[in-house]
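Visitor: Counting in this note's numbering, the sequence shown runs without a single skipped number right up to 307 at its last residue. Here a beta-carbon is modelled for each residue, glycine too, at the ideal position from N, C-alpha and C. Only a predicted model underlies this, so the values are computations on that prediction, with no experimental measurement involved.
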Amino acid sequence: MLGLEHGFRIVDVHATLDPDEESVATHGRDITPERLEREMHQAGVVRAIVSSGKRPAGESYLRVNNAVARLSVDRPFLAFARLNGPRDPGATPVGRLRNLRTERRDHHTRPDDIEQYAYDDRFHGFTLAPAADGIPEDDVLERLADAGQPVLVDGGVSFPPERLEETLLPYGFPVVLGSFGGYPLEEPLMREAFELLGEYDQLYLDTNAVRFRDVLETGLLEHPDRILFGSGVPDVHPNVAVMEILTLDVSEDFMRRVFTKNPSRVIPELAAGANL
């Protein structure tokens, strides 16, 4: 695919880097760090947040987090540490009952892990995918609040904006909710997330997998400082994700905000000239 020519400096807050053969086998996608970097270059993406894909049940993220950090060195990647937890993300009565009896196991994230990641200059934030990995316990979330670093959260049908408000937003750390909170293609959930923006100053939304043009335009026009570009690479080629923004009926100023200004304000290491 030919490289895009658009004149914008673009940074990406939603990319996945599978660091080894086991990770590739789990997801069925074989994309090397070199290819990921090349595809980003084609799209004009100069820097991207990367974190591990899902691990098999019962496995810790510690090893793959370190592998992602190692592979990010000397590349335009910023590593985020992926976390997990024992609590059910759902709001069903069964899920709530299960959470009353849940216990942290050896492969789950512990408070000391947050301490380690937060003071390791190879990591610049955290990633949570509650539907896949569960929600950490309160003592872990309290450490996240103390760290104050951004947390990218996969939102969607299995972890809607309502559950985000109940479980994570009360802790006050910066949250970037993926897919406008409506993956896959659940427009009502995306509009629920817009309502939360008026209540929580620490909440932001990323554009990964938001395929509705009117929803993207509404987000940019009504919440111009709270929307961040996320491509979803490698599931989506970054050229495609960039073009979805470039073809919106909004001004270049709004595009600069979503591509550069907003992500760089939430994650300062994405800014031009930032020391890594």
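1) In angstroms, rounded to a whole number, what distance separates the CA positions of residue 39 and residue 85?
2) Could you give the uninterrupted runs of the beta strand (DSSP E) lying entirely in the segment 70-126, keeping only those of 3 residues or more?
3) Starting from residue 187, follow its DSSP beta bridges and name the residues at the other end.
4) Let me make sure I understand the geometry here. Which of 265, 232, 266, 219 has the alpha-carbon closest to that of residue 245?
5) Ignore the nearest five residues each way along the sequence and tell me which others in residue 179's own chain have a CB closer than 7 Å to its CB.
6) With distances taken from CA atoms, which of 83, 138, 90, 167 is nearest residue 118?
7) Rank 83, 238, 259 by C-alpha distance to the C-alpha of residue 48 and give the top, closest one.
8) Can you find the residues in the same chain that come closer than 8 Å, C-beta to C-beta, to residue 281, ignoring five residues on each side of it along the sequence?
9) Quick one: what does DSSP say residue 47 is sitting in, helix, strand or coil?
10) Have a look at residue 87 and residue 283 and give me their C-alpha separation to the nearest angstrom.
11) Which partner residues does residue 41 have in the DSSP bridge list?
12) With a cut-off of 8 Å on the beta carbons, I'd call residue 184 and residue 208 a contact; round off their distance for me.
13) Give, in chain order, every unbroken run of the beta strand (DSSP E) that is at least 3 residues long and sits entirely within the segment 198-265.
14) On a CA-only basis, which of 153, 285, 92 is nearest residue 163? Give me that one, please.
15) Quick check on DSSP: helix, strand or coil for residue 166?
16) What do you get for residue 45, buried or exposed, if any count of 16 or more other CB atoms within 10 angstroms of its CB means buried?
17) For residue 103, collect the residues of the same chain with a Cβ closer than 7 Å to its Cβ; drop the 5 residues on either side in sequence, then sort them by chain order.
18) Got a sec: does the ligand NAD put a non-hydrogen atom nearer than 8 Å to the Cβ of residue 162?
19) Is DSSP giving residue 158 helix, strand or coil here?
20) Taking buried to mean at least 16 other C-beta atoms within 10 Å of its own C-beta, is residue 72 buried or exposed?
Guide: Judging by the given coordinates:
1) One C-alpha to the other measures close to 32 Å.
2) Taking only runs of at least 3 residues, the beta strand (DSSP E) segments lying wholly in the segment 70-126 are 76-82, 108-114.
3) 190
4) 219
5) 204
6) For residue 118, the closest C-alpha among the options 83, 138, 90, 167 is that of 167.
7) 83
8) Same-chain partners within the cutoff: 248, 251, 252.
9) Strand, per DSSP.
10) 42 Å
11) Per DSSP, the beta bridge partners of residue 41 are 76.
12) 5 Å
13) 206-208, 234-237
14) 92
15) strand
16) With a threshold of 16 other beta carbon atoms within 10 Å, residue 45 meets it and is buried.
17) Non-local C-beta neighbours of residue 103 in its own chain, meaning closer than 7 Å and more than five positions away in sequence, comprise 81, 109, 110, ordered along the chain.
18) Ligands displayed in this structure: none; no statement on the ligand NAD is therefore possible.
19) strand
20) Sixteen is the threshold: since fewer than 16 other Cβ atoms of the shown chains lie within 10 Å of the Cβ of residue 72, the residue is exposed.
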